[in-house]
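Take the sequence shown: its position 208, counted from the start at 1, is 197 in my numbering, and no numbers get skipped.
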Amino acid sequence: MSNTDFALAVEDLTVSFDGFKAIDNLNLYINRGELRVIIGPNGAGKTTLLDLICGKTRASAGSIKFNNEELVTLDEHIRVRRGIGRKFQTPSIYENLTVFKNLEVSYPTGRSVFGALAFRCTEDVRARIRAVAEEIGLSKHLAMEAGLLSHGQKQWLEIGMLLMQEPALLMLDEPIAGMSARERELTADLLKRISKNRAVIVIEHDMDFVKQIAHKVTVMHQGRILAEGSMEAVQNDPTVIDVYLGH
Ligand code: ADP
Ligand code: MG
């Protein structure tokens, strides 16, 4: 496969913080429509990798190609427009707005000044809000104030806010932290559904959850990739057991 066939191709990526390489010459390739799980011990560089891909942190060296376009020189908001969506660990929803409004304000209007000025909540936008609400299981909660949702529902709402932008790559950092068992199950189903139309990268610690969703798993350690393959392959990899799963 040539590099042009990947949704995301990260090559020789390095970032140094005062000489410490949090990401060290890393290569990562994600296919279109792939759901990739990244695991690894605390401090491995997982969050930093997502920061580099979304543009929150600038790379010291290397390349990040998205649909064959180089991203490293592009600002974060330009990367969003290119189709990169990033969910952080703590949900950033508008607690005092309804679920509907939270989704509505996430509809991308900033593509041009004229778009932003001319924006109305048209039937198209409403249809999109309903479709996203259905996807995230909040159809019955559209009129509810977001602050009244359960912790899990808030996480789904934030995923929904990202889906409003129709990202081609969605990245989620520990999305099930603090969720109930039932919410975890529903989140696994949700991630499987949304990865049908886009590439998804999920960082997760909970191995039962990883087993439910994982197709291919990347194990990171000290800013590098330690192992990559099926869940079964990485689970039985002695180096992975040694640095991560054994503890
Ligand atoms: P993980 O998400 O795998 O737990 P992180 O990506 O958060 O790991 O962190 C990787 C390493 O980089 C850690 O040692 C962390 O302290 C360091 N690090 C992350 N961001 C910064 C920063 N902005 N400045 C300095 N060090 C950082
Ligand atoms: Mg992290």
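Glycine included, every Cβ here is placed at the ideal spot set by N, Cα and C.
Bear in mind that the values here come from a model prediction, so they are computed numbers and not experimental data.
Residue i CB to nearest heavy atom of the ligand ADP below 7 Å
{"i": "F6", "result": "yes"}
Residue i beta carbon near the ligand MG (any heavy atom closer than 7 Å)
{"i": "D162", "result": "yes"}
Simplified DSSP state of residue i, which is helix, strand or coil
{"i": "A132", "result": "coil"}
{"i": "V4", "result": "strand"}
{"i": "T46", "result": "coil"}
{"i": "D40", "result": "helix"}
{"i": "H215", "result": "Correcting the residue identity first, residue 215 is Leu in this sequence and not His. If DSSP states are grouped into helix, strand and coil, L215 belongs with the strands."}
{"i": "V26", "result": "strand"}
{"i": "M209", "result": "strand"}
{"i": "E59", "result": "strand"}
{"i": "F9", "result": "strand"}
{"i": "G235", "result": "coil"}
{"i": "E171", "result": "Glu is not the amino acid found at residue 171; the sequence shown has Arg there. Correct three-state label for R171: helix."}
{"i": "N91", "result": "helix"}
{"i": "L127", "result": "coil"}
{"i": "A177", "result": "helix"}
{"i": "M220", "result": "helix"}
{"i": "I118", "result": "helix"}
{"i": "D64", "result": "coil"}
{"i": "G149", "result": "helix"}
{"i": "L86", "result": "coil"}
For residue j and residue i, believed in contact at Cβ under 8 Å, the rounded distance
{"i": "S184", "j": "L24", "result": "4 Å"}
{"i": "A122", "j": "L92", "result": "7 Å"}
{"i": "M168", "j": "K76", "result": "Not a contact, Cβ separation roughly 14 Å."}
{"i": "P156", "j": "G74", "result": "3 Å"}
Residue i versus residue j: straight-line alpha-carbon distance, rounded
{"i": "F9", "j": "G212", "result": "10 Å"}
{"i": "L138", "j": "T62", "result": "38 Å"}
{"i": "K200", "j": "D178", "result": "12 Å"}
{"i": "K209", "j": "A216", "result": "The identity of residue 209 in the sequence shown is Met, whereas the question assumes Lys. Looking at the two C-alpha atoms, the distance is approximately 7 Å."}
{"i": "A222", "j": "I12", "result": "24 Å"}
{"i": "K54", "j": "I118", "result": "30 Å"}
{"i": "V69", "j": "A188", "result": "14 Å"}
{"i": "A132", "j": "I82", "result": "15 Å"}
{"i": "I148", "j": "E124", "result": "10 Å"}
{"i": "F47", "j": "G32", "result": "Checking the sequence shown, residue 47 turns out to be Arg, not Phe. So the alpha carbons of these two residues sit roughly 18 Å apart."}
{"i": "I165", "j": "E172", "result": "8 Å"}
{"i": "M220", "j": "P227", "result": "13 Å"}
{"i": "G34", "j": "T207", "result": "12 Å"}
{"i": "N16", "j": "T3", "result": "10 Å"}
{"i": "C110", "j": "K129", "result": "20 Å"}
Short CB-CB distance (under 8 Å) between residue i and chain C
{"i": "L131", "result": "No chain C appears in this structure, which consists of one protein chain only."}
> Can you list, in chain order, every residue whose CB sits closer than 6 Å to a heavy atom of the ligand ADP?
Replying inline: Output, sorted by chain position: F6, A11, G29, N31, G32, A33, G34, K35, T36, T37.
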